[in-house]
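Residues in the sequence shown are numbered consecutively from 26, following the working numbering.
The C-beta atom is built at its ideal place from N, Cα and C for all residues, glycine as well.
For clarity, every value in this text was computed on a predicted model and none was experimentally measured.
To keep things clear, I will list the structure first and then write my remarks on it.
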Amino acid sequence: MQYHRFPGCTPPMAACLAVLVISGCAARAATPSDHAEINYADIAEIRTIDGLSISPDGRFAAYRVVTPSVAENRVVEQWYRVPIDGGTPEALGDAAEPIMMPLHDVLELEVSQWNADSSAIYVRRLAGPAIEIHRLAPGGASIPAVADAANVESFTLDGPLIRYQVRAARADIDARQAKEAREGVHFGTSVFSEGLSMTRSAQTGTREPSIRRLGAIGAVEAYAGPLQDKAAVIAGDRGPAVRATALSPSMGLRGPVHGSGGLDIVLKAVDAPDPLWIDHFQRNRIVARGRGGKRYVCTHAVCEGRPESLFFATFGAGGEVVIARRDIGSKTTLYGWTPRSNTLRTIAAPGSLLDGGGSYKRFPCPATARFLVCVEAGTTRPPRLVRIDLASGAVTQLANPNVGLAEKPHIEARFLTWTDTRGRESSGYLVLPPVRTGHVPLVITTTICRGYLRGGAVPLAPEQILARRGMAALCVSASDEGGDARGPDGKPVPLALHDAALAAYKAIISQLAAEGTIDPARVAITGHSFGAIIAAHVITHSDLFSAAVMGTGITTDPAVFTISAPHADSPRALSFHGTGLPAPEDDPDGIWASVSPSLNVARIKAAVLMQPPEDEWLMALPLFSALDRSGGTVDMYVYPRAGHMLQKYPSHVAWRLRRSVEWLAFWLLGEEAPDGDTAQYVHWRALRDKKDAARPH
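What follows is the structure, encoded as structure tokens:
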């Protein structure tokens, strides 16, 4: 497939003539025989795995596979069980629509719970307008176990009882929301003001409730009220049971992990937590606690770290503590620590992540005395379910719902580390065009590289497709060192993390240019969420970038502060103060005037594409408006009824991927996709002509 170039563009490189599949609307997930190369549907339809638990008899692992479909524009979940000793996965119950967090459009993490004889699991399920607890078994349908007048928010199995939590009844909520819609919405601190509709602003099954703020980032149905505890006896089963004592739970290190032999695993804070950053920057150390208060402190370096690196621990055989450690390259190493002797061994280092591989949804590996069962994902390995032998470290595949994508040809992702001028270390993965002549453009896909590379924390600019398209793609995990820096007055240094990211980008661009790998005059940056905020910051405070793609709005703008935190006691104000930014009306030092992209729009030379979800599109409007009014180069597409993570509608994911790549190819390579949107390119050519006319000659 040939790509069109406009006159005056840099001569084509051999890599730019490679075939690139543009089918963002394939009818099904592609298999290796469909296409030779990875396409947009492949990325949009990656299947995730979560909800892991092990049966009381230790024979089976239960898990959930979530499958997006671009053609059907829907997402479905299916639960399975697989023998831990190996065998064919078996479906539990039927497929259904998964529960998603309102506002965020991200899957709620469902953890399966087993009945006593290991014949069935219990999970939360969408059923029409309700969220219920269902029993799922092989060869059967989804059978309601607890159907309440209110939605179930959480549950635990306790012998013959199921204990669960609900808020107000759906009928009562609906009646009060309808009354509010008739009489007017009182604009209080719980009302979202970033773009979300004030009524009927979410979809839960067949219901469309109104959503209100819960804390700084949470959301709940309006008039849902506080949580209430309930309990019920489950009929028709032999009594759900707590996990058998021979098996060991594993959990993220936020509370004690109870094991055999009278030992617990706990965390000891090495330094005091920062109240503004909660525990993000807090360092902890693993400690085992025995009977009588005796403590065994792990003195090895791998036992100390922040939550991002020191992820989970569990008990193996003989009282050994199994510790999962994430390194700078987003790879998990498993260690075995014996508390009473303080000895340490390496169990396994598979070269990938063992926590699901997602950017936001991370979970530990459940354990038996012999095995861990984990979701493994790597830079070129989409998620799969594996078993890890705790004695030998051997990794065995149990299930792979992404086999088609896994077998497609991938370009190697080269791991890089570098330091900035202040000695701060960063890392990333570089994917280069397979065929190239001379220096190639570079796209930095910020700001964290976890698991399979799909173009950012939320899919936005996929590295594999960018590289096939003739552009180098670099996913950067910028250092958070100094992000909690305080000035002489004890206040956070304004945008310390943002400036650290810019320093990291300057260093690696200079390094790759000096090596003769990239063309420093053709560098772009992309980002979603915090990555979008970083992208806006670096195109404002440097001349490194000629193009940018932002997947969400930005917060480093006084107008956005007003939009997000309009009340004096708005919960969202904390997220601004945590980055050292004051209220706009209380800024005697002029911090906003020095950092805000929209107030410094004359500095921005990059061509900017904004692709926010509708729930927060107003956060993108100040920068869009400032660029457009000042003669800058900017375009924006808003995705209707989409939340922050854009997981509800796969067509949105596919189109954002495609539009991002086409924007970057247009500005960095001077190319147009022959089957691209005609109106889109007419507009982009007009933007290019306007930009060229404004350049000094």
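Candidates Y321, P364 and R412, of which the one nearest A373 by Cα: R412
Are the Cβ atoms of E219 and A227 separated by less than 8 Å? no
At 3 residues or longer, what runs of the beta strand (DSSP E) sit wholly inside the segment 170–237? 177–183 and 186–191
What does a CB cutoff of less than 8 Å around F396 pick up in its chain, not counting 5 residues either side in sequence? I109, R412, I413, D414 and L415
So, L128 versus I198, is the Cβ gap smaller than 8 Å? no
Consult DSSP for F691 and reduce its assignment to one of helix, strand or coil. Three-state result, F691: helix.
Measure the C-alpha to C-alpha separation of P513 and A704 and round it to an integer number of angstroms. Straight-line Cα distance between these residues: approximately 54 Å.
Cβ of E162 within 8 Å of Cβ of G111? Looking at the sequence provided, one finds Ala at residue 162 rather than Glu. Not in contact: A162 and G111 (Cβ atoms no closer than 8 Å).
Determine the burial state of H211: buried for a count of at least 16 other Cβ atoms within 10 Å of its Cβ, exposed for fewer. exposed
Who are the Cβ neighbours of D582 in its own chain at under 6 Å, not counting the five residues just before and after it? S621, S623 and P647
Under the three-state DSSP convention, the category L359 falls into: strand
Alpha helix (DSSP H) segments (min. 4 residues) lying fully within the segment 492–562: 521–539
Grouping DSSP H, G and I as helix and E and B as strand, with all else coil, what is Y248? coil
Given a cut-off of 8 Å on the beta-carbon distance, is the pair Q672 and L132 in contact? yes
P364 beta carbon less than 8 Å from that of A419: Contact check for A419 against P364 fails: the beta carbons are separated by 8 Å or more.
State the start and end residues of the unbroken beta strand (DSSP E) segment that holds V411. R406 to D414
Considering Cα atoms alone, identify which of F586, S451, I559 and V327 is closest to F570. I559
Rounded straight-line distance, which links the Cα of F691 to that of H708: 12 Å
Using CA atoms only, rank isn't needed, just tell me which of S137, L606, L221 and G701 is closest to L522. L606
Element boundaries [alpha helix (DSSP H), containing Q253]: Where Q253 is concerned, there is no enclosing alpha helix (DSSP H), although the beta strand (DSSP E) it sits in stretches over Q253 to V258.
Apart from the five residues on each side of it in sequence, which residues of its chain come closer than 7 Å, Cβ to Cβ, to G209? none
Counting only the same chain and skipping the five closest in sequence on each side, list residues whose C-beta sits under 6 Å from that of R351. S334, F336 and T357
Rounded to the nearest angstrom, what separates G344 and F85 at their Cα positions? If I take the Cα positions, the gap works out to 23 Å.
Whose C-alpha, out of P391, T92 and K630, is nearest the C-alpha of Q138? Closest option to Q138, Cα to Cα, is P391.
Nearest by alpha-carbon distance to L694: which of V465, A539 and Y664 is it? If we check each option's Cα against that of L694, V465 comes out closest.
If distances are taken between C-alpha atoms only, which option among P123, N98 and A61 comes closest to I74? P123
Could you pull out every residue in the same chain whose Cβ sits closer than 7 Å to the Cβ of A241, ignoring the five residues on either side in sequence? P596, R597, L599 and S600
Burial state of V585 (16 or more Cβ within 10 Å): buried
Endpoints, the alpha helix (DSSP H) within which W617 is located: I616 to V620
What's the gap between the Cα of A431 and the Cα of Y248? Near 46 Å, if we compare the C-alpha coordinates of Y248 and A431.
Own chain partners of S215 with C-beta closer than 8 Å, once the 5 adjacent residues on each side are dropped: R237, R238, L239 and A247
Looking at the unbroken alpha helix (DSSP H) that takes in R713, where does it start and where does it end? Boundaries of the alpha helix (DSSP H) harbouring R713: T703 to A719, taken from the DSSP string.
Could you check which residue in L252, A549 and F555 has the C-alpha nearest to that of I564? A549
Considering only C-alpha positions, which residue in the set P545, Y706 and K630 is nearest to D717? It is K630.
Do you know how far the Cα of K531 is from the Cα of G250? In a straight line, the C-alpha of G250 is about 49 Å away from that of K531.
My parser needs the beta strand (DSSP E) runs of 3 or more residues fully inside the segment 121–161; what are they? 146–152 and 155–161
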